[in-house]
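Protein sequence lines, in the order shown, are assigned to chains A and B.
4 is the number that numbering that gives the first Met the number 0 gives to position 5 of the first sequence; each next residue is one higher, with no gaps.
20 is the number that numbering that gives the first Met the number 0 gives to position 21 of the second sequence; each next residue is one higher, with no gaps.
All residues carry an ideal CB built from backbone N, CA and C; glycine is no exception.
2 protein chains.
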Amino acid sequence: MEKKPKIDQTSTTLLLEYFSKMMPLTDEEKELVASKFQPRLYRKRQFILQEGDVCNVFNFVVSGCLRMYNIDESGTTHIIQFAIENWWISDKGSFYSQKPSALNIEAVEDTTVLQIKHDDLLDLYVKAPKFDRIFRVLVENSLIKMQERLLQNMGSDARIRYEEFLKQYPTLANRIPNTHIASFLGITPEFLSKIRNERVSK
Amino acid sequence: MEKKPKIDQTSTTLLLEYFSKMMPLTDEEKELVASKFQPRLYRKRQFILQEGDVCNVFNFVVSGCLRMYNIDESGTTHIIQFAIENWWISDKGSFYSQKPSALNIEAVEDTTVLQIKHDDLLDLYVKAPKFDRIFRVLVENSLIKMQERLLQNMGSDARIRYEEFLKQYPTLANRIPNTHIASFLGITPEFLSKIRNERVSK
DNA sequence: CGAAAATTTGACATGACTCAACTGGAGTGG
DNA sequence: CCACTCCAGTTGAGTCATGTCAAATTTTCG
C-alpha cells in the first residue's frame, strides 16, 4: 500500500516571497495568489503533461525537479528545460493556444508544484495587471537563457557544453541520471560516458 | 557623394496597426507611442548594435531585414534571429541589464526601423501598463519560437533543417546570401552548398 | 534479493567540418 | 565602360566529432 503523500500547505509562502522580490504585492494581491495557486505533489516518473494533451496549468516548482522534453521522429528524447526549486515550467505554446502539446513534463524526483489554471491566470492578469509585468519579466529572463543555450549548442563541442552544464547547474548533476544530462546537452548517453571518462583520468 | 536616405515619417502607422491588432489603444496611448518611437534608416552592412556596446533600443522593423548574431571563440558566426517587416529585434539581456552585449545586429538590406530607447520603454510601461501585457505576449511568442528552433537544431539533421527553413521563411531565402542561412542553421556554407546541390539533382 | 534502469566499453559507421583551389557575379574606381 | 577586386558559391580530398549497435557491468530500489 502506498503512502499518501503529504503536501505542505504553506508552500504558497515561497511563491509569495518570490513575487514580492520582483515587485511588492498588496494584501489583496497576495490573497488572490493564494486562492488561485494549488499545491500538488508528483511522484518520480509521474507526468505533469503528456504529449497530445493540452497544457492547462502553469507550474511553479516548490521542491524537487521536473524535466520538459520532446521525442523526435527517430525516437530520441530532447530535454528543453529542467525546473528545480523556484523555477517555472509549462508548455507556453500549448497553454496560450489551448492546443495539444508535443511536449512532456515529467517528475525526475518527487516534486511539489504550485499550479494555476489557464482561466485563473487570465483572470489574475485582469484583476491585477501587475502580474502582466511580473510575467513579462519572467518570460524575458527565460528567453535570454534560451538564447544563451542555443548559442552554446551551436558554438561549442560536447565536452565544453558538459563543462558549462556542470558550472551552471552544480547541484543538479548529482541529483539526476546522466542520461538526462546527455539528452539536455544534445548527445547520446554513450558519448557522455566517454567524455566523463576522459575527465576522470586527467 | 552619398544620397541622403529618406525616412518615411508615416512608418509609425504600421506600428500602431500592429499594436492595435493585439489590443485596442486609446488615442492617448497612440500619441504616446508616436512620441516615443523614432524612425531610423540603416544601410546594408550597417550595425544597429555592436559587440561590446550596450543595447540601448528596442527595434521594430518597418521594412528591410536585420540579422542578430554572435561570433564564438573559434571565429564562427552564429545567427540567432533574422528580423523582417513587423518583427522585433534587440538583445534583451543587454537591454534590461544595461551591460555590454556579446551580440551584433546588422542590416542585411537597407532597413527602416522604429526605435524606442530604454528609458522611454520603461516610462511607457509605467504610463500605459497595457504595454506590459502587449510585450508579455510578444516575448512569450518569441520564447515559443526559440524553443521550436532549439528542438529543430537538436533533433534533425542539416538537410531537414534546411527544408524547414525554406518552409518557414519562404521569402527570405531569395533575399539573403546562403552564407547567412548556413550560419542560422548552424552549418558551414560549404556543407549547405552540398545539400542544395543534392536537392537540385533530385 | 531480483528486476529494471543506468552506465560503460568497443568496433564500426557517418554527418559535418577543414582547407584549399576554382568560378562567377557584383560593385567600384579610373 | 573596362579592369580589378571582393564576395558568394562550388567542388573535392581528407579528417574528426559524434552516433549506432550490441554486449557486459553496475547501480538503484521496490
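- Which residues mark the beginning and the end of the alpha helix (DSSP H) in which A:THR25 is found? A:THR25 -> no alpha helix (DSSP H), and no H or E assigned at all.
- With DSSP as the reference, please indicate the residues paired to A:SER62 in a beta bridge. Here A:SER62 is bridged, per DSSP, to A:THR111.
- Query: Just the Cα atoms here: how many angstroms apart are B:ALA181 and A:MET153?
  - Reply: Straight through space, the alpha carbons of A:MET153 and B:ALA181 are spaced by roughly 12 angstroms.
- Using three-state DSSP, classify A:ARG41 as helix, strand or coil. Sequence inspection shows Tyr at residue 41 of chain A; the Arg mentioned does not correspond to that position. Note: A:TYR41 maps to strand in three-state DSSP.
- Message: Taking its Cβ as the centre, do 16 or more other Cβ atoms sit within 10 Å of A:GLU139, making it buried, or is it exposed?
- Response: So A:GLU139 counts as buried.
- Query: Between which two residues does the alpha helix (DSSP H) containing B:LEU48 stretch?
  - Reply: Where B:LEU48 is concerned, there is no enclosing alpha helix (DSSP H), although the beta strand (DSSP E) it sits in stretches over 46–48.
- Message: Distance check for A:ASN177 and A:LEU191, CA to CA, integer angstroms please.
- Response: Cα to Cα, the separation comes out at about 8 angstroms.
- Run of the beta strand (DSSP E) containing B:ASN173, from where it starts to where it stops: The continuous stretches of beta strand (DSSP E) do not include B:ASN173, which lies in the alpha helix (DSSP H) extending over residues 171–174.
- Three or more C-beta pairs closer than 8 angstroms, one from the segment 30–49 of chain A and one from the segment 103–116 of chain A: is that the case here? Verdict: yes, contact present.
- Taking B:LEU142 as the query, report the chain A residues whose CB atoms sit under 8 angstroms from its CB, ordered along the chain. Simply LYS91, VAL138, SER141, LEU142 and MET145.
- Where A:ASN85 sits in the DSSP three-state scheme: In the structure shown, A:ASN85 sits in coil (DSSP, three-state: anything other than H, G, I, E or B).
- Message: Counting beta carbon pairs with one atom in the segment 98–106 of chain B and one in the segment 50–65 of chain B, are three or more of them shorter than 8 angstroms?
- Response: As far as the Cβ criterion goes, the segment 50–65 of chain B touches the segment 98–106 of chain B, which means the pair count is three or higher.
- Cβ-based neighbour list, A:GLU197, same chain, cut-off 8 angstroms, excluding 5 preceding and 5 following: So the list reads ARG158, once near-sequence residues are dropped.
- Nearest-angstrom beta carbon gap, A:VAL53 and A:PRO128 [assumed within contact, 8 angstroms]: For A:PRO128 against A:VAL53, the beta-carbon gap comes to about 26 angstroms, at or over 8 angstroms, which does not count as contact.
- Message: Strictly under 7 angstroms for the Cβ-Cβ distance: is A:ILE194 near chain B by that measure?
- Response: Interface annotation, A:ILE194: not in contact with chain B, CB-CB separation never under 7 angstroms.
- Task: Would you decide whether A:GLU90 is buried or exposed? Buried here means 16 or more other CB atoms lie within 10 Å of its CB.
- Result: Looking at the sequence provided, one finds Asp at residue 90 of chain A rather than Glu. Counting Cβ neighbours within 10 Å, A:ASP90 comes out buried, since at least 16 surround it.
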